[in-house]
Amino acid sequence: MCPPIPTEPSDAPPYPDGAVRVLGAAEPTGGRDGSAVARGMALGAADDGMARRLKALALTAPLHDLDARKRLLDGADFAVYAMAELALHAIDLVTVAMDFDRGASHDQVLRRLTPLAGAQAPRRPAAEHERAARWVLDNLINVGSVDRGFDTVYGTYHPDGRYERRRFDFKLLVELADPAGEIYLRATDEAVTVLVGALDTDVTSAQVAAEVTLDNLIRRGRLSDARTAAEAARYRTVQYAEQLRRSLEGTRRDVLSVDWLHTLPALVDEALGHVEARYRHENAILTHIRRYRDSAEDPAHKRAAADLVTIVADCVRRHTQLQARLQEAFAVFRAEQDRQQFAAPAAGGGTGVDLYTQLLAPTLARPLGEASQVAAAFFPGAAGVRPPRAPRLADLVDALLRPPAERDTLGAPVPEAELVAWEEPPRFGDDAWTLALELLDEIDPEAPRRLSGLLAEARALAGSAAVALEAGQLLTLLTLHAMSPRLAAVADRAGQPQRLGAKPRHGGDGAAGQPDAADGAEAVAGERPLLAVDDGTPLDDPEFAGADLLVGRVTVTDRPDPTEAETAGAAAAETDVAGSRAAETESAGTRATDAGTETGIGAGESGRAAPTATETGLVGAR
Amino acid sequence: MSLPVEAAEDDAGTATRSWPGAGPPVEAVARDAAELVAFGLRPRLVPARDARYRELVRRYLHESGFAALTHAVADGLGIVVLDVSDRAGLVAGGTAESAFTVRISDYARRAGGEHRAADRMLHALAQLAIAALAFPRPADLTDDSYVGRVSVDGVDAFVREAARLLETRAGGSAVPGPGDPTPEDEPRLEAAWRLYSRRPATGTTRDARRLSGSTTGIIARAMGFLVESGCLVQVGEEGGGTFRTTPRYQVQVRELAADAAMEELLALGVVTVAAPDGGLRVVPSVPDLLDAGAPASSADPAATPAEGRVDV
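So the protein lines, in turn, are chains V and S. If you read the first sequence in this note's numbering, its first letter stands for residue 1, the second for the next number, and so on. If you read the second sequence in this note's numbering, its first letter stands for residue 623, the second for the next number, and so on.
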């Protein structure tokens, strides 16, 4: 892909001469230049790209020029040196040495370039090596010219076909002076972009070629042109096919209804020509675009190419179909001609009976009695033969003796439905509930436990595998629910939603400063809701995955005012003995207080409510 | 199917049996011939669906002796072999006395009461009309590859249009012309078309079925009967039920029914000369007349009676 080459260097100060100038422009102002650029843009994308490529090509000219001129030098035979290579090395050296405000000095560059020249011609004297290196460097700076730069002339076409020549000035290496007055070298943007950047391309890579070609086709609208053409051709093919189908159908009905002398042969010829042209064209497109599609890397390009391949393949398929039918067309004509024009007289002699004129109409016109006879005579022949039904005697007797089915106008009585209230069976058995609740109840308010420990104990205590499984699931579920912000729902059962606040209580340190143990027991007798906290420990369990939650008992106390609640939450965070991560505990604590302020929104929900989706993210069944 | 093997066995069998100088045992051949006739009595079966049937049909077509024997067996049963082909199998017609013949009196047995004669007439007329619309042109009857398409509503509209033409000819139903007495005096002298056009085209019963006495009810019953007889195949529900003809139906109408009806007409002294291209004009587009019933396919000729063709 071509990297964009700036038409004008945007960082003008160091290189004021890099602008494009229109030859013969009377007014060398920026405004004039701008309008020229605007005109150039109006030429369209294709011409723009052409101009860019011409300029890029021009940048390499000084390098080729070195090789061309090396033999013409007086007093030295530079033919053995690969000058363009040396020049590229020189530019590379300068580029590498360039930092933000400095560049490489002449000596620096020469020092590094001379050995490279020496390696190319080891038998030559060292002085010559240095001379060659200096010659290359001087030529890159273009020391001999007045403005120490290069220029080239290229042309652009206007939409009206006019050709306009333009001059492109550029430099490869420029000499600049630093504040101390020392001269140093910098590679220009053009040199870096083209000679360092753009030339660094794997020219043998088919993929790159495909990318570039495809990119060009797409940018210049060629791909959509091809697509439009293919689609138009497909419509034409469908039209031909429809015309042909109608003609052939007409032929099958009556060979004389279609002009097989002039019209149809012309149609077939035209259609065959169309198919031939399109087939060749579209197969060529298909071959190329398929290759581009397969080697392109850019998904957008790939898709565009794939779309075109699909469409063109369908077009080719339709053309092929049409061609097959075109080839059969004359065979159909001949067969139908044989059948219709040279057919033997119909079986039974003469043409068939005209059923309407000779039978139906006269019959309808006859009086009823006579018409009946005619129609009755027609009937047996048309209906054909049919074996008479001969029922077995047993069946016959049964059929005769069967009582007639009685029909009630109202139909069968609707049975009165006995409705039984249906209760959903509990998800977990009583054993599991007992086990899980016992385990959770046994948690010491002063010592929170890990979910993994609870699970292990539940499995150990369970009487059977089924109970162990259920108890494990139930424990996890209850624990997850204990993480829920709806903790208030549990607290609510005390009937004092406005007075209650929940506060986590972790270990002895937390409890030491708080007189809440007795307080909570007093406020809600026996109500010590569960609280689970995720401290980041992963759960290692065969059945569940997620966080190994810390499960603890919370004592319900009187609800402090909001600021107190916050400090209480913060205090809880600070006094977290279990080493919970502060942020998480804080959030849990804040959540708990938030829940406490809820005025019974979730009051009706029981503690067995299913966990919400966010919670299952923490602990989920494996 | 392993035809070559069977053929080889056949050849070998013929060879061994021909050793003593006699043909194959006549009992075996007669049995095969009777089997072929029995296949022909199962009208919905076609040779393409049954290997044995196919084999017997092929034998009929290639062995003249076997064919003659088949004809003899059929003749004894009161059956006329109308045609034997790969497509239709053995197409049989019943003679007047045969036990296998279905008569209009059997078919319209359930029609009773005062309208008995009229209903029987309409049922028979429906059959005639279906055939006339299924094979609108004379050539359609003789073209073995022709497949007709008919619908219930299309047939009804067709007969009503024919009746309208006859009415125009008669100069309007309000003025009874000569030979056109009022029905009360002599019901059997009323022209058949008047009876048809007087019948309602449709109607519903209390349980939302098609009124069996309406003309579409009668035509639908006729078509259902023809389906059972292997003469029509239902292809769709549009137009009150759309059907296509089978080769068997074409043969039966061409070889037997049309001739029988023609003979009756001749006996009544009615001779109509038909133009070679028939009295019906096949129009490419669907006319208003058959709007409800005509199938959409352009392959199906929508037929309309041409003016001036109706001859008495």
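Think of the CB as a built atom: it goes at the ideal place given N, C-alpha and C, for glycine as much as any other residue. Bear in mind the structure is a predicted one, so any value in this text is a computation, not a measurement.
Beta carbon of residue i, beta carbon of residue j: below 9 Å?
i, j, result
"A844(S)", "A377(V)", "no"
"V702(S)", "G716(S)", "yes"
"Q327(V)", "A241(V)", "no"
"L478(V)", "L530(V)", "yes"
"V80(V)", "A121(V)", "yes"
"A842(S)", "G858(S)", "no"
"L435(V)", "A465(V)", "no"
"A784(S)", "R816(S)", "no"
"E175(V)", "Y163(V)", "no"
"A382(V)", "T363(V)", "no"
"V554(V)", "M483(V)", "no"
"Q323(V)", "V275(V)", "yes"
"R246(V)", "E336(V)", "no"
"G384(V)", "C853(S)", "yes"
"L308(V)", "L172(V)", "no"
"W135(V)", "L72(V)", "no"
"V353(V)", "L763(S)", "yes"
Return the bridge partner residues of residue i from the DSSP annotation.
i, result
"D705(S)", "V713(S)"
"V385(V)", "T723(S)"
"V174(V)", "R186(V)"
"Q856(S)", "F865(S)"
"P367(V)", "A813(S)"
"G552(V)", "L531(V)"
"P538(V)", "A547(V)"
"R771(S)", "R866(S)"
"R449(V)", "V551(V)"
Give a yes or no on whether the minimum CB-CB distance between residue i and chain C is below 9 Å.
i, result
"D298(V)", "Among the protein chains of the structure shown, namely V and S, there is no chain C."
For my contact list, residue i and residue j are in at a C-beta cut-off of 8 Å; report their separation, rounded to the angstrom.
i, j, result
"A233(V)", "R278(V)", "5 Å"
"V777(S)", "A751(S)", "5 Å"
"L140(V)", "A87(V)", "6 Å"
"R681(S)", "F688(S)", "5 Å"
"L451(V)", "D535(V)", "Not confirmed; about 11 Å, so no contact."
"A271(V)", "L244(V)", "7 Å"
"V196(V)", "D92(V)", "7 Å"
"L110(V)", "A133(V)", "5 Å"
"A714(S)", "G662(S)", "4 Å"
"R386(V)", "F722(S)", "6 Å"
"L691(S)", "V659(S)", "With 8 Å as the limit, L691(S) and V659(S) do not qualify as a contact, their Cβ atoms being about 10 Å apart."
"M743(S)", "A371(V)", "6 Å"
Need the endpoints of the beta strand (DSSP E) that residue i sits in, please.
i, result
"L419(V)", "Here L419(V) belongs to no beta strand (DSSP E), and DSSP marks it neither H nor E."
Could you give the residue range of the alpha helix (DSSP H) that holds residue i?
i, result
"V781(S)", "774-792"
"P115(V)", "106-120"
"V275(V)", "263-295"
"A696(S)", "686-699"
"N142(V)", "Run containing N142(V): none; DSSP gives neither H nor E here."
"T193(V)", "Counting along the chain, T193(V) falls outside any alpha helix (DSSP H), and DSSP gives it neither H nor E."
"L848(S)", "837-850"
"E877(S)", "First-last for E877(S): undefined, no H or E at that position."
"L624(V)", "Because chain V here runs from 1 to 622, residue 624(V) falls outside it and cannot be looked at."
"Q473(V)", "465-482"
"D430(V)", "430-441"
"P251(V)", "Per the sequence shown, the amino acid found at residue 251(V) is Thr instead of Pro. Unbroken alpha helix (DSSP H) run through T251(V): 222-253."
"T764(S)", "760-764"
"T95(V)", "83-97"
"V648(S)", "648-662"
Using a threshold of 8 Å, is the CB atom of residue i nearer than that to any non-hydrogen atom of the ligand GTP?
i, result
"L437(V)", "In the structure shown, the ligand GTP is absent, as is every other ligand, since no ligand is present at all."
Using a Cβ cut-off of 7 Å, which residues of the stretch 649-676 of chain S contact any Cβ in chain V, in chain order? L663, P665
Relative to chain S, which residues along the stretch 299-322 of chain V have a C-beta separation below 8 Å, given in chain order? none
Got a sec: which bits of the stretch 400-420 of chain V sit with their beta carbon under 8 Å from any beta carbon on chain S, in order along the chain? none
If the cut-off is 7 Å on Cβ atoms, which residues from the stretch 357-380 of chain V count as contacting chain S, listed in chain order? T357, Q358, L359, L360, A361, P362, T363, L364, A365, R366, P367, L368, G369, E370, A371, S372, Q373, V374, A375, A376, A377, F378, F379, P380
Can you list, in chain order, the residues of the stretch 675-707 of chain S whose Cβ is nearer than 7 Å to any Cβ on chain V? I701
Short of 7 Å Cβ to Cβ, which residues in the stretch 381-394 of chain V face chain S? G381, A382, A383, G384, V385, R386, P387, P388
When you check each C-beta in the stretch 831-843 of chain S against every C-beta of chain V, which residues fall closer than 7 Å? none
Members of the stretch 237-251 of chain V near chain S, C-beta cut-off 7 Å: none
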